[in-house]
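See structure below.
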Amino acid sequence: MLGYGRKFLNHNFMKHQKPSFSFIAKPFKNMTITAATALALVTGVSTEVEAAIINFDADTYAFSNPNTCTPQLPDTGGKCFVEDGFNVEAFSAQGIGTPAAFYSDGAHFHASNSYEAQHYNDVDRLLGIYLTLVDGGTFSLESLDYQLRENSDAIAGYSTDDTKILISTTFDPTEPVLGQFTEVSLGNQLGLPFQTLNLTEFEDITQVYIASSGDVNFDNITANSIPEPSSLVGLLLVGSMGFCFRRKESQR
Numbered sequence: 000m001l002g003y004g005r006k007f008l009n010h011n012f013m014k015h016q017k018p019s020f021s022f023i024a025k026p027f028k029n030m031t032i033t034a035a036t037a038l039a040l041v042t043g044v045s046t047e048v049e050a051a052i053i054n055f056d057a058d059t060y061a062f063s064n065p066n067t068c069t070p071q072l073p074d075t076g077g078k079c080f081v082e083d084g085f086n087v088e089a090f091s092a093q094g095i096g097t098p099a100a101f102y103s104d105g106a107h108f109h110a111s112n113s114y115e116a117q118h119y120n121d122v123d124r125l126l127g128i129y130l131t132l133v134d135g136g137t138f139s140l141e142s143l144d145y146q147l148r149e150n151s152d153a154i155a156g157y158s159t160d161d162t163k164i165l166i167s168t169t170f171d172p173t174e175p176v177l178g179q180f181t182e183v184s185l186g187n188q189l190g191l192p193f194q195t196l197n198l199t200e201f202e203d204i205t206q207v208y209i210a211s212s213g214d215v216n217f218d219n220i221t222a223n224s225i226p227e228p229s230s231l232v233g234l235l236l237v238g239s240m241g242f243c244f245r246r247k248e249s250q251r
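For the sequence shown, numbering that gives the first Met the number 0 begins at 0 and goes up steadily by one.
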């Protein structure tokens with residue numbers, strides 16, 4: 000009879016006791032907090048990775064003949080190669096500043112001792128380099144090396160007394176070049192070695208035009224691609240979840 004009473008009491012106790020799922024709830028709560036933290040980090044931080052240096056070495060130039068990428072500008076035969084995930088395209092805008100302006104299908108690079116020998120062609124022509132990411136993503140232009148080669152010619156709107164490096168994320172060849180680009184003064188002194196121009200205003204961009212008002216050599220164009228937020232979320236979630244589970248195990 001006493002044994003039966005114990006069984007009866009145990010049965011009633013189990014009948015009225017609610018099951019506990021705290022062993023699931025806590026990890027789930029931690030995962031939720033982790034996800035929220037990851038999203039906050041992504042929206043507040045832009046992490047740059049995958050630095051690329053366009054160095055115009057002789058073997059790299061060979062990749063533009065034939066092209067190893069599809070020209071992105073509205074021409075049909077401009078030279079173009081891929082390096083470190085970037086489309087590197089030569090452009091030649093002719094008739095600049097007039098309604099008849101166009102991109103020439105004869106645009107090409109000017110290989111010289113493993114750098115790009117950008118040169119003056121005519122007062123109404125702008126030659127340059129056009130950069131985009133192969134995957135169409137965003138990037139930051141960090142720096143480039145330059146050297147003034149000649150100081151005897153300049154495109155319309157500019158002087159030979161002060162050759163300019165011209166950089167912009169947009170360019171309309173039907174409009175005058177003057178006023179469309181960020182300008183960097185080089186002066187007119189020849190014989191100086193290559194120097195590095197550090198840049199801070201070309202971040203989170205999808206394209207960039209690099210040119211000059213006269214004869215300038217370019218080398219070591221450095222750009223950093225920026226990962227998509229969704230990629231960062233995934234990486235942060237995986238890493239943070241792993242940390243949470245390891246912490247849970249250590250507390251047992």
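Quick reminder that beta carbons are idealized off the backbone N, C-alpha and C, glycines included.
Use the C-beta contact count for residue i: other C-beta atoms within 10 angstroms, 16 or more gives buried, fewer gives exposed.
i, result
"residue 215", "buried"
"residue 189", "exposed"
"residue 91", "buried"
"residue 213", "buried"
"residue 166", "buried"
Looking at the secondary structure, which residues open and close the alpha helix (DSSP H) in which residue i lies?
i, result
"residue 57", "57–60"
With DSSP run on the structure shown, which of helix, strand or coil describes residue i?
i, result
"residue 63", "helix"
"residue 206", "coil"
"residue 78", "coil"
"residue 198", "coil"
"residue 137", "coil"
"residue 186", "strand"
"residue 71", "coil"
"residue 154", "coil"
"residue 164", "strand"
"residue 83", "coil"
Can you find the residues in the same chain that come closer than 6 angstroms, C-beta to C-beta, to residue i, ignoring five residues on each side of it along the sequence?
i, result
"residue 96", "175"
Counting only beta-carbon atoms, is residue i nearer than 8 angstroms to chain C?
i, result
"residue 84", "Within the model displayed, chain C is absent; a lone protein chain is all it includes."
Suppose contacts are defined by Cβ-Cβ distances below 8 angstroms. Is residue i in contact with residue j by that definition?
i, j, result
"residue 207", "residue 181", "no"
"residue 139", "residue 222", "yes"
"residue 86", "residue 130", "yes"
"residue 54", "residue 218", "yes"
"residue 121", "residue 195", "no"
"residue 224", "residue 127", "no"
For residue i, I'd like the list of residues in its chain whose CB is within less than 7 angstroms of its CB, leaving aside the five on either flank, ordered along the chain.
i, result
"residue 160", "187"
"residue 94", "100, 101, 123"
Where do the ends of the beta strand (DSSP E) carrying residue i lie?
i, result
"residue 176", "Counting along the chain, residue 176 falls outside any beta strand (DSSP E), and DSSP gives it neither H nor E."
"residue 222", "214–224"
"residue 127", "124–132"
By Cβ distance, which residues of its chain are closer than 8 angstroms to residue i, with the 5 residues on each side in sequence left out?
i, result
"residue 200", "181"
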